[in-house]
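There are 2 protein chains.
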Amino acid sequence: MLTYDLTARGRTPIYEYLYHCLRSDILSGKLASGEKLPGKRALAEHLGVSVITVEAAYSQLEAEGCVEARPRRGFYVCAGAMPAVAASQGCPPAIRDGERKWKLDLRSNSVDASLFPVGVWAKLTRRVLSEDPDALLTSVPHAGLMELREAIAGYLRGYKGMAVSPEQIVVGAGAEFLYLLLAQLFSGAAFALEDPGYPKIRQAYTGSGAVCTPVGLDAQGVRLDELRACGAAVLHISPAHQYPTGLVTPLARRQELLSWARSTGGYIIEDDYDSELGFAPRPLPTLSSIDAAGRVIYVSSFSQTISPGMRAGYLVLPERLLGEWSHRLGFYSCAVPSLEQHVLARFIAGGYYERHLSRLRKACRDRRSAVLSAFARSGFAGRVEISEPEVGLHFLMQIKTKASDAELRLRAEKLGLRLGFMSDCAFDPRRAREHVLVINYAALSGGRLSEAVELLEQVLT
Amino acid sequence: MLTYDLTARGRTPIYEYLYHCLRSDILSGKLASGEKLPGKRALAEHLGVSVITVEAAYSQLEAEGCVEARPRRGFYVCAGAMPAVAASQGCPPAIRDGERKWKLDLRSNSVDASLFPVGVWAKLTRRVLSEDPDALLTSVPHAGLMELREAIAGYLRGYKGMAVSPEQIVVGAGAEFLYLLLAQLFSGAAFALEDPGYPKIRQAYTGSGAVCTPVGLDAQGVRLDELRACGAAVLHISPAHQYPTGLVTPLARRQELLSWARSTGGYIIEDDYDSELGFAPRPLPTLSSIDAAGRVIYVSSFSQTISPGMRAGYLVLPERLLGEWSHRLGFYSCAVPSLEQHVLARFIAGGYYERHLSRLRKACRDRRSAVLSAFARSGFAGRVEISEPEVGLHFLMQIKTKASDAELRLRAEKLGLRLGFMSDCAFDPRRAREHVLVINYAALSGGRLSEAVELLEQVLT
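Taken in sequence, the protein lines are chains D and B.
Take the first sequence: its letters are residues 1 to 461, numbered as in our numbering.
Take the second sequence: its letters are residues 1001 to 1461, numbered as in our numbering.
Dropping the structure here:
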């Protein structure tokens, strides 16, 4: 019987992962043309998943022409699905698959592109190209263009009260890329990660060979007893706005975490992925800014606030790690193009970034109110309970339902709606909490909001 | 006595690595202010390095004010070098160190920026921003913008005779970044690397946790007996132009390598880093294009041909790996900014790239002749022997000298000249060949060439 390691699926839903495994075996010829797939019930039992999961995987393969259903006999691998023809006809190649076009994607946490001052960016780009054409060609230092690092340091000082020097800043091609470098910096160290948490973080670290242990959360954030017990040397957290729970870690817990790091000689990676979009009047100081012992690495990016298409992020290293970083990682070229670094430096230093953020915050606040009130008037209002957020671009919606998350997802996907569930974010499956949707509302304006309400009504009622 | 693992230094020269280790211990306070460093001779003996190496490390620390020499007593850690003040005064922070400004850098393999048609790029950028402002903001699929993948596939078809579909292409933020992803794709597999070889390749793979074994070269490229004996599953090679030896692997050896991959179920990563700059009239077919079994991943980048400041590279996956790639790595966002991908797609599809390449090839050929004849007329002509290259931006220069590579390097660095040695590229130190300079000549035009000759005369005679 076909056997796949379903624990390797990362954040991919089980049915989708199973579909990919089967598809890969069909394309590689391991499942030969004309071969019969196992019965749905039998395979479900064998893999320890529900029949509906296998059904969903088989249907998708059928829809793509990789397998065909023969009435009362089962599913058979199609001839046209063989590797030789895969590129030109038959199944569309796998790399494209992940990029299904959704009617509506509530899992994406992109902000609305229309809010960004494209004109300003274009103007600055033109200006850099005319004033300093070499900006395009000169390679920048490993840690990034000094002007950009200075601009970021200035922004952090003015906006977050963080007294950092430009030399502590490393610019990289988005937060994910910086995670890979951090995994190399701390290679051999055990990582503790929030559970539930943002799945890409775990994927990037485990993909880089790091051993990761889940640490549960209480109302204040990461549980110290579990953290101490797991013996990790590096803790990755988002104290300003935990994903997906939305928890904000209060000052007392922040101090406890710092003293854990100090006493164990450990490090904390503070992932400040969206605190720019906080609505609270006075955000708490970052861990990095109250860390006297030099045990915090601060990570942030421009993906949420400018655009996910602008792959630029940065981290702030404590002084004590500068030498180590340079030894171990200084040989890598800076992965952000020079031109973009020049433009971004001017965008921040010229005050455009702060002005954009303030407009963006207002827009998100308005959008959030509109979404919350539309949901309150919707047909599913009686079946859900919403946790209202103080910060960020998502909120949690608990659903009263008997359907499993897999069933709800399947219902939604048939309508072209992509949903994110809290259970997708579980690291330890025993902790997975069902029936909680993570709604990323940033893109829900105007017509898309009424569409979202309609689609959710169909799925939830 | 101070003990450092000098094998961890990667391609950093020993003295520079030792300097970094000491500096890091001084900044972290492990070596306290006022403490005496070990005697040069004693430390050299303890670490198994030459006295001149320790001397060079101590001098650099002294020049930076991290240590002070007290006559007839030795070197002492300065008070001003303590961590608290490191950011603002005293030693410049370590991340900057790697970026020493050289009078002349013969190790850099950048092409001359002045050859790139900046005006065309600027025009295309303006056009994208005005015709399609969303290009800046919309995030592209994991494997890259489809238009760019199509343009690259078209280029490979027309220029290299490679029949690849755009779906096989993955765009990434430079070759180094793609190495990191390949290490994750093949995690757990043993890698075989050319010895000598490009040090960053080894650094990136070992940094990612891969086990790497050196495989020696004969006149045709990688030795098959060593390859078979080492039991690696993945082989990373540059058959078009091996770095640093300049070897071109002939067709028969290419076939043997492919049959190794086929029979062992292994994979070959074909790193075609600079074959665009070949001068031979008919380049050999790439391994990828004669690989019927789907066991070759082709990697190339635009760093050499456009600019190292333009972080964009790509790989071509065989069909059989598309599914696996998508499962394991499809969650990463594409690390190249959208805007740049749009501009690059137009640059290639509009024929600008090929025109630029043909100009670039001519310029490199001219420059190479000029460099070779200037060297032939130089004061050091009688002491060196040059292997003339058919391809690429560097050549080898064997020196008749009694001085060690470390001594030559030190002499050069005192003059502000950065040299690259073949011994820097050795993986297994027992194979390190001394007295061979790797001369990257691409930047040596006009005044820089005469400066290079002058400086080399001082170092070599």
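In this text, a Cβ means the ideal position worked out from N, Cα and C, and glycines have one as well.
In the three-state scheme derived from DSSP, where H, G and I count as helix and E and B as strand, D/Phe-177 is classed as helix. Pairwise C-beta distances place the region 234-243 of chain D in contact with the region 268-277 of chain D, as three or more of them are shorter than 8 angstroms. The criterion of a C-beta distance shorter than 8 angstroms is satisfied by B/Ala-1143 and B/Ile-1169. B/Tyr-1441 and B/Val-1371 have their C-alpha atoms roughly 7 angstroms apart. When the five nearest sequence neighbours on each side are left out, the beta carbons in the same chain lying within less than 6 angstroms of the beta carbon of B/Ser-1300 are those of Asp-1272, in order along the chain. Runs of the beta strand (DSSP E) spanning 3 or more residues and lying entirely within the region 1361-1405 of chain B occur at 1384-1387, 1394-1399, in chain order. A Cβ of chain B is located within less than 8 angstroms of the beta carbon of D/Thr-125.
Contact between B/Ser-1059 and D/Gly-323 is absent: CB atoms are separated by about 18 angstroms, not below the 8 angstroms threshold. Where B/His-1142 is concerned, there is no enclosing beta strand (DSSP E), because DSSP gives it neither an H nor an E. Listed along chain B, the residues sitting closer than 8 angstroms to D/Ser-338 by beta-carbon distance are Ser-1307, Gly-1309, Met-1310. Chain order gives the chain B residues near D/Lys-200 as Phe-1331, Tyr-1332, Ser-1333, where near means a beta carbon separation below 9 angstroms. By the C-beta density criterion, D/Thr-245 is buried, having at least 16 other C-beta atoms within 10 angstroms.
Listed as beta-bridge partners of D/His-236 by DSSP are D/Leu-193, D/Ile-269. Bounds of the beta strand (DSSP E) holding B/Gly-1172 are 1169-1172.
A straight line joining the alpha-carbon of B/Asp-1112 with that of B/Lys-1400 spans about 30 angstroms. Residue range 338-349 is occupied by the alpha helix (DSSP H) that includes D/Ile-348, with no beta strand (DSSP E) assigned at that position.
When 8 angstroms is used as the limit between beta carbons, B/His-1020 is near these residues of chain D: Gly-323, Ser-326, His-327, in chain order. For B/Lys-1036, DSSP records a beta bridge to B/Tyr-1076. With respect to the 8 angstroms criterion, D/Ala-312 and D/Leu-145 are not classified as neighbours on the basis of their beta carbons.
Secondary structure at B/Ile-1306: coil, using DSSP grouped into helix, strand and coil. Of all alpha-carbon atoms in B/Lys-1103, B/Lys-1101, B/Tyr-1314, B/Leu-1047, the one lying nearest the alpha-carbon of B/Pro-1166 is that of B/Tyr-1314. Taking a beta-carbon distance threshold of 8 angstroms, D/Arg-23 counts as an interface residue toward chain B.
Secondary structure of D/Gly-158 (DSSP, three-state): helix. Interface annotation for the region 1207-1219 of chain B against chain D: Gly-1207, Ser-1208, Gly-1209, criterion Cβ-Cβ distance under 7 angstroms.
Going by beta carbons, D/Gly-266 and D/Ala-233 fall inside the 8 angstroms limit.
Using a Cβ-Cβ cut-off of 8 angstroms, B/Ala-1292 does not count as an interface residue toward chain D, since no Cβ of chain D sits closer than that to its own.
One thing to note: B/Glu-1319 has its Cβ within 8 angstroms of the Cβ of B/Gly-1294. Note that the C-beta distance between B/Glu-1354 and B/Leu-1104 is not below 8 angstroms. Residues of chain D with a Cβ closer than 8 angstroms to the Cβ of B/Ser-1139 are, in chain order, Ser-110, Ser-307, Pro-308, Gly-309. When C-beta atoms of the region 1182-1193 of chain B are compared with those of the region 1209-1219 of chain B, three or more pairs fall below 8 angstroms, so the two segments count as touching.
Remark: three or more beta-carbon pairs, one from each stretch, lie closer than 8 angstroms, so the region 1334-1345 of chain B and the region 328-345 of chain D are flagged as touching. Taking 7 angstroms as the cut-off between beta carbons, the residues of the region 1173-1196 of chain B near chain D are Ala-1173, Gly-1174, Glu-1176, Phe-1177, Leu-1180, Gln-1184, Ser-1187, in sequence order.
In the structure shown, D/Asp-5 falls within a coil segment according to DSSP collapsed to helix, strand and coil. Flagged as an interface residue toward chain D: B/Val-1118, by a C-beta distance shorter than 8 angstroms. In this structure, DSSP gives B/Pro-1250 a state outside helix and strand, which the three-state scheme calls coil.
Taken through DSSP and simplified to helix, strand or coil, B/Ser-1165 comes out as coil.
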